[in-house]
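The structure under discussion appears below in the form of structure tokens.
Number of protein chains: 2
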Amino acid sequence: MRPPADLVSAFRAKGLKVTPQRQLLFRLLNGDETHPCADTLYTIAAGEMPGISLRTVYQTLNDLVAMGELQMLDLGTGSARFDPKVDDHHHVVCTQCCAARDVYVTMSTELSPDDSLGFSIHKTQVVFRGLCAECVAAPDRVLRTSSTSRSTYEGASDHR
Amino acid sequence: MRPPADLVSAFRAKGLKVTPQRQLLFRLLNGDETHPCADTLYTIAAGEMPGISLRTVYQTLNDLVAMGELQMLDLGTGSARFDPKVDDHHHVVCTQCCAARDVYVTMSTELSPDDSLGFSIHKTQVVFRGLCAECVAAPDRVLRTSSTSRSTYEGASDHR
DNA sequence: TAGGTAGTCTGCAATATGTGCGAACGGCAA
DNA sequence: TTGCCGTTCGCACATATTGCAGACTACCTA
Numbered sequence: 247m248r249p250p251a252d253l254v255s256a257f258r259a260k261g262l263k264v265t266p267q268r269q270l271l272f273r274l275l276n277g278d279e280t281h282p283c284a285d286t287l288y289t290i291a292a293g294e295m296p297g298i299s300l301r302t303v304y305q306t307l308n309d310l311v312a313m314g315e316l317q318m319l320d321l322g323t324g325s326a327r328f329d330p331k332v333d334d335h336h337h338v339v340c341t342q343c344c345a346a347r348d349v350y351v352t353m354s355t356e357l358s359p360d361d362s363l364g365f366s367i368h369k370t371q372v373v374f375r376g377l378c379a380e381c382v383a384a385p386d387r388v389l390r391t392s393s394t395s396r397s398t399y400e401g402a403s404d405h406r
Numbered sequence: 247m248r249p250p251a252d253l254v255s256a257f258r259a260k261g262l263k264v265t266p267q268r269q270l271l272f273r274l275l276n277g278d279e280t281h282p283c284a285d286t287l288y289t290i291a292a293g294e295m296p297g298i299s300l301r302t303v304y305q306t307l308n309d310l311v312a313m314g315e316l317q318m319l320d321l322g323t324g325s326a327r328f329d330p331k332v333d334d335h336h337h338v339v340c341t342q343c344c345a346a347r348d349v350y351v352t353m354s355t356e357l358s359p360d361d362s363l364g365f366s367i368h369k370t371q372v373v374f375r376g377l378c379a380e381c382v383a384a385p386d387r388v389l390r391t392s393s394t395s396r397s398t399y400e401g402a403s404d405h406r
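Residue numbers (this note's numbering), protein chains in the order written: chain A, 247 to 406; chain B, 247 to 406.
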């Protein structure tokens, strides 16, 4: 994602307006490395601008994704996560607290024609799952990005 | 996933009962390579057993996942997918029709201590995204596993 | 094989994430 | 300053999945 000043120009150039709400989100996202979900961003944004709507947060995030300034990720944590880094990289995700960090690893993630089963591959996504340092130290800590999200990877023990 | 007969024993051994609903699902899942979602399984099951509840399908799938007989996957298609293969493999997913297939590729997906950022990695998941052969041939075909699912990867062009 | 018990099934309500819609609002170019 | 047209916001709605409670039934035991 380009810095806020550049985004302002980019939005105007596309006929999109630069509102205080959008500027706030540009600023919050810029340099963010926590891969926040929409709701997390909304909470932070509402702290600075009470009255901002969750709907507006979703709207702006979608705009940025459509412009290629932001990457939408599904890390299996129950809600979409947003990454201002749009270059080629992968992610480590904590299965307990849902923290996510960027990983730059060079590995052969190209699929050979034999393996691709007729698929025309556009993108390869690698997700490393495990426990972050904090959760290794405190196995009972619960600190989800998405409040009470139900992750696909928490283990499915339902039963009444 | 073990064959239905073995699952019957495994369920009884755990004090879980073997009902017709569960046996049907054992049979439907056995050897399935389409990575169905809960709703798809429910539709198929309801064809053979009218009256079966979607709730029961979710319940049984969760039981099987908890027993390690089934793998729950989040392939970014909007709903959880289920894979009776629980060995170490990865997936190709069609971004248009959401079809998924297994991929057995040997690649260095181990993260070096330097790259792991303090995380204790338990599992590495690779998802290859692209178009399947059918969708390459018919770019307008829409055939989602999850009826009208909203995929995280369809591109976010909202706007009214 | 009848009976009892504990696990199961089903329908419905509830929760979470995310989008459609319309009325009021407000950038920003002329 | 004005007006057009994109935005914001609140609410209803859509989808995925789970909680709950009452009726039901698999299956162990006598």
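The C-beta atom is built at its ideal place from N, Cα and C for all residues, glycine as well.
Closest Cβ-Cβ distance between residue i and chain B: below 8 angstroms?
i: A:Asp334; result: no
i: A:Ile367; result: yes
i: A:Val338; result: yes
i: A:Leu275; result: no
i: A:Val264; result: no
i: A:Gly261; result: no
i: A:Phe374; result: yes
i: A:Arg347; result: yes
Tell me, to the nearest whole angstrom, how far the beta carbon of residue i is from that of residue j; I am working on the premise that it is less than 8 angstroms.
i: B:Leu321; j: B:His337; result: 6 angstroms
i: B:Arg375; j: A:Lys260; result: That belief does not hold up - the Cβ atoms of B:Arg375 and A:Lys260 are roughly 26 angstroms apart, past 8 angstroms.
i: B:Thr323; j: B:Gln267; result: Not quite, the Cβ-Cβ distance comes to about 25 angstroms (not below 8 angstroms), so this is no contact.
i: A:Pro330; j: A:Leu275; result: 5 angstroms
i: B:Met318; j: B:Phe328; result: 6 angstroms
Under DSSP, the beta strand (DSSP E) around residue i begins and ends at which residues?
i: A:Leu377; result: 366-377
i: B:Asp333; result: First-last for B:Asp333: undefined, no H or E at that position.
i: B:Arg347; result: 346-349
Could you tell me the boundaries of the alpha helix (DSSP H) in which residue i lies?
i: A:Arg258; result: 250-259
Counting only C-beta atoms, is residue i closer than 8 angstroms to chain A at any point?
i: B:Thr280; result: no
i: B:Arg268; result: no
i: B:Thr370; result: yes
i: B:Leu253; result: no
i: B:Val382; result: yes
i: B:Val303; result: no
i: B:Ser362; result: yes
i: B:Leu377; result: yes
i: B:Gly322; result: yes
Within the present structure, is the beta-carbon of residue i separated from the nearest heavy atom of the ligand ADP by less than 7 angstroms?
i: A:Ala326; result: Looking for the ligand ADP in the displayed structure turns up nothing, as the structure carries no ligands at all.
Where does residue i sit, in a helix, a strand or coil, going by DSSP?
i: A:Val264; result: coil
i: B:Ala402; result: Bear in mind that the predicted position of B:Ala402 carries a pLDDT of just 37, short of 50, making it unreliable; the figure below should be weighed with that in mind. Reduced to three states, the DSSP call for B:Ala402 is coil.
i: A:Cys343; result: coil
i: A:Arg387; result: coil
Unbroken alpha helix (DSSP H) runs of length 4 or more, entirely within the stretch 270-329 of chain B: which are they? 284-294, 300-312
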